[in-house]
Amino acid sequence: MEAIANVSRVWRRSLLGFALAVVLPLVTGCGDAEPPSPAARPTPLAAKLPVHTRAVPGVPHILVDAGGQATKLACSTCHSMKQAVPTQRGGSGLRLFHQGLEVAHGNLTCLSCHNPDDYDALRLADGRRVPFERVMDLCAQCHGPQARDYAHGAHGGMSGYWDRTRGTQVRNQCTHCHAPHAPAYPTMRPTFKPRDRFLPVRSESHDD
Amino acid sequence: MAPEPPAINPESKHWASYPRFLLRAVSAATDGSFLFYAWMTALTAVFLVGVNAWAHQVTGGMVNTNMSDHVSWGLYIANFTFMVGVAAGGVMMVIPAYLYKDKRMQDVVIIGELLAIAAVAACMLFVMADLGRPDRFWHMLPGIGRFNFPMSMLTWDVLVLNGYLLINLHVVGYLLYTRFLGKEPNPRWYKPFVMLSIVWAISIHTVTAFLYCGLGGRPFWNSALLAPRFLASAFVSGPAFIILTMLVLQRFAGMPKPDKPIGTLVKIVRVTILVNLLMVVSELFTEFYAGGAHTASARYLFLGHGEANALVPWIWTAVVLNIVAAITFLKPGLTERKGLLVLACVFAFTGAWIEKGMGLIIPGFIPSTLHEYVEYLPSHLEWRVSAGVIAFGLLVYSAALKVAIPIFRGTMRDRPPTEPDKATTVN
Amino acid sequence: MTDAAPTPPSPPAATGVSRRRMVKALGATLGAAAFGTAISPLFRGSELNADELMQRHYKELSAADKQTVLRRLEAEAKEASGRDVTIKDAQPRPKTKFVYAINLSVCNGNGNCVEACHKENNHDRDSNQSYIRVLEMPKGTMDMEKGNTTYTGAVPQKDKFYMPVQCQQCDEPPCVDVCPVQATWKEKDGIVVVDYNWCIGCRYCMAACPYHARRFNWEKPNVPAAEVNPNQGYLSNRVRPQGVVEKCHFCLHRTREGKLPACLEACPTGARVFGNILDPKSNIRWILENKRVYVLKEELGTKPSFFYFFDK
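Protein chains in written order, with numbering that gives the first Met the number 0: chain A, 0 to 207; chain B, 0 to 426; chain C, 0 to 311.
Okay, structure coming up:
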């Protein structure tokens, strides 16, 4: 749980640019006991009980304080009126809701993933539209080995049952652990260390 | 020694004379001079301190020791290992006596056998002291518990140690009883057992070495040389202790001058101590010349590892003691120079104790199997318990000698029950 | 009958004998009293009871015996902590052999597994006991001597990788061979277990284990009642008695019911993979068939059921 909270912290940091916002009531933060969503990615491990892949948020919204009233705005609300900038890489120069957005994701442009024809969805490399719920299809285009490992239960955390004839296995999706704009896994701080008698501490903390 | 005893009354019945023998033995063991009483009282006191410490350990947990998940065996098992050596070495008296028919040795061979008995008793107490659940000791009894024989070397050790104890009790008991009756012991009833005890002495120490060298995960112990090394050092510590015993008995118990047997034992130690040193050097050569991760324990033991160097003073003490003792034993005419002989024996004995105890058992655990350096030195409680066990061993040894010597010297003999008890014993 | 001994010295005076007898009797009495005092701590606050003392080995218990034992242990646990706990005796499932693998490219040494194990298995709180130790190792070596378990601060460090070690559930377990009383054995599903009520605490298994997988209860484990995990197993996570050895059991009270082990669920990086190697479609089978895996200290011939691999 702590790790997930950690990840959501990263999420939040990368989304600071969104003015009032916490995009999406962060399914990442909770989302333990929700029912399998119809949007869940079909999995190759379908033989036994279905794997419950934790849902990722659908179309992102931004909460805007419009005259004292919170209003939910979709991305397309603004972007339908704006010209896309195909050369935009990284967060510098972004304004308004995206100001300060931390982007550290290879050499991608915004439009590598975001769909200029429909900002309420994403797009694959071949231009096909893909909904936010199926973000894993998008990630898998570049991260093939990870997608392959994920498909075989060798990447990405899980919980519940190993024996899927007896219970549901709950899986994460890419963006539960990796912030899409800065996907490197965050550093953590181990809090629980052995306290054996007579065990000398061999080195001081790395970074203090 | 006593003159050849005349034939005993053929009507003598064992059912009557054996209880008399036991009774007289108990009486002799509890009778003595002021010095004897002082010695036995002191040993009893130390033993009781040990018992009390052990009781605290059982109740409060072994957290009272300084052992840890990293160094999971400590002073108890170190002492156990050493005492097995003393027990095996005790029988070294027997080899010249019976294999080479050395008549003078046969008279003192009983000392070695008694030492073996006392040392095995101490071994068993050390194992008991090391158990986390002594109340479940019966789980190890064959037939009643679940005895993991032959897979576990520890079950082998239980068998050979108990077997050794029984063999030696039989030989000693038989010899003493027949002498007590004034009969000449029938070789049929003890010779085969004496021979068996020689083989068995080698087996107890080999099996004890196998306890350790059979563990692939502990490179420090995982050496084919361990069992021969154990034997060599056993044949140092056992005879050294017997020499000391004989000198003490001569001084305080009026035993005749034991120059001849001491001379034989000195000859034995002179060789075994060098053999032992040679084997230690061979081990160290392979460890230090080749280097590598498997030699971490030896490096820790002799040189320390950064801040961790608790055993360095121990092992260098042992090295010095062993070398000095080895050189001293080479000296011609050592038997005549009692002071030097005592010194050499004490050095050899202590050197072996460190080398085979703390110097062998503890570095097997340091670094741990995950290569963590967690050190160990015994706690006060462990010292108290160990002292108590040693005191118990000495109690058994002293009491047994107290009974055996007058019988062998012929001053304690069976008499018909009607006659008043007239004999006294030495001291 | 003649006295065979040489002329004995004159017999001691009668008064001497009786005084000597008195001294002996006094000595014996004092000795016995002192002995009684010396061992008296054994009877103070002793928790021993006859049922426990006489309990047979796990494998010798009939189904009815087991129920009696489990209920007794539950009652004792309730008495000790005031909590209702259930102690089950989950059995190995047919056609199941558990195997574990850890992806060292992904593990970042955060130690959540260590803590999850600590809580799940009712470990002693004072020592932060756990069946898992995580080594921080410099990249470029597999020499564990270069490792460190006491690292703190941010992880992962750029020049380090992290290697959690726990019981490797060997197929040739040296710890099982050496146990003098068969208190530890390998179950059909590959898990090496300990009967905490049979172990005599000789710690030979700890000397034999090449992976530092075994722990000893140097004192009665201290687990505050509120923190006790009430879902317990006889061979797994029930609160251990003092003076016995314990070890990782792949959370058999969970895994034999189909659930994932606690350390795996706690892993935020997804480095841990667990499953039934006899199932050709299992995750773990895929790893072993498609990743270049290795085992710790392979040269010792212990045949671990625990594998490590790197992605890159």
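The beta carbon of each residue, even a glycine, is placed where N, CA and C say it ideally should be.
No experiment lies behind these values; they were computed from the predicted model shown.
Contact under 8 Å by Cβ, I109/B with V395/B: V395/B sits away from I109/B, with the two beta carbons spaced by 8 Å or more.
Interface flag, N51/B vs chain C, CB-CB below 8 Å: Yes, its Cβ sits closer than 8 Å to a Cβ of chain C.
V200/A classed as buried or exposed, judged by whether at least 16 other C-beta atoms fall within 10 angstroms: Answer is exposed; the Cβ neighbour count stays below 16.
Continuous beta strand (DSSP E) stretch holding V169/A: start and end: V169/A -> beta strand (DSSP E) spans 168-170.
Host beta strand (DSSP E) of R132/C (start-end): Looking at the DSSP string, the run of the beta strand (DSSP E) that includes R132/C is 132-137.
Partner residues on chain C for W38/B, Cβ-Cβ distance less than 9 Å: Here the premise fails: no neighbours, minimum Cβ distance about 13 Å.
Closer than 8 Å to chain B by CB, P303/C: Not closer than 8 Å to any Cβ of chain B, the Cβ of P303/C fails to qualify, so no.
Backbone secondary structure at P163/C - three-state DSSP: Assignment of P163/C by DSSP, reduced to helix, strand and coil, places it in the strand class.
Where D68/B falls, given that 16 or more other Cβ within 10 Å makes a residue buried: The residue is buried, with at least 16 neighbouring Cβ atoms inside 10 Å.
Contacting residues, own chain, Cβ-Cβ under 7 Å from G172/B (five flanking each side not counted): Non-local beta-carbon contacts of G172/B in its own chain, meaning distances under 7 Å to residues more than five positions away in sequence, are absent.
Cβ pair count under 8 Å reaching 3, the segment 403-410 of chain B against the segment 160-180 of chain B: Because the criterion of three Cβ pairs below 8 Å is met, the segment 403-410 of chain B and the segment 160-180 of chain B touch.
Counterpart residues of F97/C in DSSP-defined beta bridges: DSSP lists N275/C as partners of F97/C.
Nearest-angstrom Cα separation, counted from F407/B out to L175/B: Roughly 7 Å separates the two Cα atoms.
Complete runs of the alpha helix (DSSP H) confined to the segment 383-421 of chain B [at least 4 residues]: Segments of the alpha helix (DSSP H) lying fully in the segment 383-421 of chain B: there are none.
Contacts that C208/C makes with chain B (C-beta to C-beta distance below 8 Å): Those within 8 Å of C208/C in chain B are G216, T368.
Selection of the segment 125-144 of chain B by Cβ proximity to chain C, strictly under 7 Å: Flagged, chain order: D129, L130, G131, R132, D134, R135, F136, H138, M139, G144.
Test: A153/A CB closer than 8 Å to a CB of chain C: Contact with chain C is found for A153/A, since one of that chain's Cβ atoms lies less than 8 Å from the residue's Cβ.
P56/A at chain C interface by Cβ criterion, 8 Å: P56/A does not count as touching chain C.
Proximal residues to L140/B (C-beta, below 8 Å), its chain only, five neighbours per side dropped: Excluding residues within five positions, the ones whose Cβ falls inside 8 Å are F146.
Residue from G392/B, E371/B, G111/B, V274/B whose Cα sits closest to the Cα of I94/B: Nearest in C-alpha terms to I94/B, of all of G392/B, E371/B, G111/B, V274/B, is G111/B.
C-alpha gap between Q241/C and P257/B, whole angstroms: Between the alpha carbons of Q241/C and P257/B lies a distance of about 52 Å.
Under the three-state DSSP convention, the category K185/C falls into: K185/C: strand per DSSP, three-state reduction.
Residues bridged to Y160/A (per DSSP): Partner(s): K258/C.
CB contact flag (P179/C, T154/B, <8 Å): Yes. Within cutoff.
Neighbour flag for L123/A against chain C, beta carbons, 8 Å: L123/A does not count as touching chain C.
Three-state secondary structure assigned by DSSP to E33/A: Interpretation of E33/A is limited by its pLDDT of 42, a score under 50 that renders its predicted location unreliable; the figure taken from the coordinates is listed afterwards. Coil.
Contacts of V373/B in chain A (Cβ-Cβ under 9 Å): Contact note: V373/B reaches chain A through D195, R196, F197, L198, P199, using a C-beta cutoff of 9 Å and chain order.
Beta-carbon neighbours of M157/A, restricted to chain E and to distances below 8 Å: Among the chains of the structure shown, chain E does not appear; the protein chains present are A, B and C.
Burial state of L34/B, where buried means 16 or more other Cβ atoms lie within 10 Å: Sixteen is the threshold: since fewer than 16 other Cβ atoms of the shown chains lie within 10 Å of the Cβ of L34/B, the residue is exposed.
Proximal residues to A317/B (C-beta, below 6 Å), its chain only, five neighbours per side dropped: These residues qualify, in order along the chain: G350, I353, E354, G358.
Short Cβ contact (8 Å threshold) for A297/B with L376/B: No, they are not a contact pair.
Beta carbon of D129/B nearer than 8 Å to that of I76/B: In this structure, D129/B sits near I76/B, with a CB-CB distance shorter than 8 Å.
Euclidean distance between Cα positions of V265/B and A239/B: Rounded to the nearest angstrom, the two C-alpha atoms are 8 Å apart.
For A207/C, the nearest candidate out of G387/B, F391/B, S367/B (CA to CA): Cα-wise, what sits closest to A207/C is S367/B.
Partner residues on chain C for L98/B, Cβ-Cβ distance less than 7 Å: Neighbours of L98/B on chain C: none; closest Cβ ~30 Å, over 7 Å.
Three-state class that DSSP yields for R196/A in the structure shown: Three-state DSSP puts R196/A in coil, outside helix and strand.
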